[in-house]
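Worksheet: the structure to be examined is printed underneath.
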Amino acid sequence: MPSAAFILAINLAVAGMFTAALIAVAAADRTKIAPRWFVPGFLAVGLNLAFEYTLASAVPTEWMQLVTFVAFLAALFFINIGLCHLYDHPVPKLLLSGILAGGIVLCLVSQAFPRESLWRLILYQTPDATMQAVGAWVVLSRANKPLDRLFGTVQAASAVQFLSKPFLAAHLGGAGSGPTHFFETDYANASQSLGTVFGVAIALLLLSILVRDLLGTAITNARRDGMSGLLNHTAFNAALADLLGRGRSRPVAFVLCDLDHFKAINDLHGHAIGDRVITDFAALLSEATPASCLVGRLGGEEFAVALPDIGRDDARVYAESLRLALKHARIDGLPASHSVTASFGIAAVPANAGIEPLALTRRADAALYLAKRAGRDQVKSELDVAVAEAPLPPRQALAS
């Protein structure tokens with residue numbers, strides 16, 4: 053077996069393994085669209101390699117050569133669509149379709165040239181180079197991490213590699229008098245070796261990026277409350293400890309929120325409506341809170357917000373705006389006359405004071421308990437707790 057054909061057989065096996073890996077990634081997260089395009093792309097690569105291997109041992113026909121060419125160009129077509137979804141880039145449908153259609157035309161035209169003609173090779177390789185260049189453009193235009201930039205750079209180098217093949221063939225003595233003789237040429241060894249290096253590099257980088265994003269999604273999901281989408285109890289406490297540890301020179305306000313009479317909502321209207329109340333209030337919190345702040349669901353109907361660089365008075369204004377917005381909100385499934393309310397407790401840490409997360413939470417919890425005891429649908433702070441717990445002057449104590 054010629055060495056170039058042996059390399060081709062190895063490439064076919066490697067393409068099969070990468071396809072299996074991509075199928076596994078696609079199955080691991082069915083919400084991702086990109087892997088669904090990569091899988092047919094790599095299947096088309098395998099089809100291209102299978103046809104090339106057939107050309108090495110069979111009497112070639114023009115349609116076999118055309119199918120071999122189209123299979124690889126279609127593979128790049130599918131992979132580019134996947135890259136657009138992966139990097140949130142608009143799919144250039146007309147551009148990709150035009151390259152695919154134009155490539156087929158150029159392939160047919162190239163067959164009219166002598167096999168050893170430089171123009172034949174240029175016409176044959178240009179569509180692949182152009183399609184690969186589009187993929188590099190998609191990645192590099194949106195890449196913001198080193199691995200993504202490396203991926204785009206390798207794709208760009210691969211596009212250049214396709215354009216260099218006609219001149220490489222001329223330098224190494226040509227591409228052979230026919231497809232069956234191609235694998236006996238020095239150019240075939242060089243071409244297949246280059247294809248292997250770039251193909252494996254691109255596939256490994258793509259798989260690494262997909263696995264990285266898959267792990268990132270898993271970590272994010274582990275930190276999020278499944279119903280509200282906010283930080284869960286564990287993640288919120290860890291982020292709060294980090295915020296208080298790093299930001300001792302910054303003031304921090306802490307707000308505890310608890311939905312009033314939530315058990316009654318579940319009992320009277322059902323848990324589905326109760327869940328809707330949770331999700332609607334979580335959405336309200338997310339919309340009303342700056343991105344630099346921490347928002348979490350501590351469990352059940354209790355929520356928490358940490359506001360860096362915010363003092364107690366501003367935190368009270370923030371909490372009051374939330375209280376009024378919730379009170380006047382309309383929840384699907386609840387009667388229009390039914391207002392959902394919440395009680396709020398506020399604690400604040402001035403700059404350079406420093407405090408443990410548990411102590412801060414207890415202070416806000418005491419204020420929340422005071423708001424509940426005072427009739428609910430209120431905002432109370434630790435200052436209100438201090439006033440409520442202060443001993444009465446002697447005369448006031450006697451009068452009471």
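Residue numbers (the working numbering): 53 to 452.
C-beta: ideal position from N, C-alpha, C; glycine also.
message = Can you find the residues in the same chain that come closer than 8 Å, C-beta to C-beta, to L435, ignoring five residues on each side of it along the sequence?
response = R364
query = Can you list, in chain order, the residues of its chain whose CB lies under 7 Å from that of N289, leaving out five sequence neighbours each side?
reply = P409
task = Mind the definition here: the stretch 191–203 touches the stretch 143–162 only if three or more C-beta pairs lie below 8 Å; say whether that holds.
result = no
task = Pick out whichever of L158, Q207, L215 has its Cα sitting closest to the Cα of F121.
result = L158
query = When the Cβ atoms of the stretch 259–274 are set against those of the stretch 371–386, are three or more pairs found closer than 8 Å?
reply = no
P217 vs Q163 beta-carbon contact at 8 Å = For the record, residue 217 in the displayed sequence is Lys; it is not Pro. Contact: no.
task = Measure the beta-carbon distance from D81 to L266 and round it to whole angstroms, keeping in mind my assumption that it falls under 8 Å.
result = 6 Å
key: Backbone secondary structure at K432 - three-state DSSP   = strand
ask   = Among residues of its own chain, excluding the 5 on either side of A377, which ones have a beta-carbon nearer than 8 Å to its beta-carbon?
value = L336, A340
query = Nearest CA to the CA of Y370: which residue from V392, L350, C309, G326?
reply = C309
key: Cα-Cα separation, A211 to A188   = 8 Å
inquiry  = Checking 8 Å against the spacing of the C-beta atoms, do L99 and A123 come in under that value?
reply    = yes
key: Whole-angstrom distance between P166 and W115, CA atom to CA atom   = 17 Å
request  = Please report how far the alpha carbon of M69 lies from the alpha carbon of A76, in whole angstroms.
outcome  = 11 Å
ask   = Beta-carbon separation of V203 and L257 under 8 Å?
value = The question names Val, but residue 203 is Phe in the sequence shown. Yes, the Cβ-Cβ distance between F203 and L257 is below 8 Å.
ask   = Per DSSP, what kind of secondary structure is S452 in: helix, strand or coil?
value = Caution is warranted here: a pLDDT of 43 is assigned to S452, below 50, making its placement in the model unreliable, and no coordinate value can be reported.
ask   = So, is D140 buried or exposed, given that buried needs 16 or more other C-beta atoms within 10 angstroms?
value = exposed
query = Short check: CB of D319 to CB of D429, under 8 Å?
reply = no
inquiry  = By alpha-carbon positions, which one of A242, V66, I407 ends up nearest to G225?
reply    = A242
query = Nearest-angstrom Cα distance between W89 and V392?
reply = 46 Å
key: As assigned by DSSP and simplified to three states, the class of C345   = coil
request  = Can you say whether T182 is buried or exposed, counting buried as having 16 or more other CB atoms within 10 angstroms of its CB?
outcome  = buried
query = Assuming V119 and F103 make a contact with CB atoms under 8 Å, what is their CB distance in whole Å?
reply = 6 Å
request  = Let me know the secondary structure DSSP gives A86 once reduced to three states.
outcome  = helix
key: Residues bridged to R276 (per DSSP)   = L283
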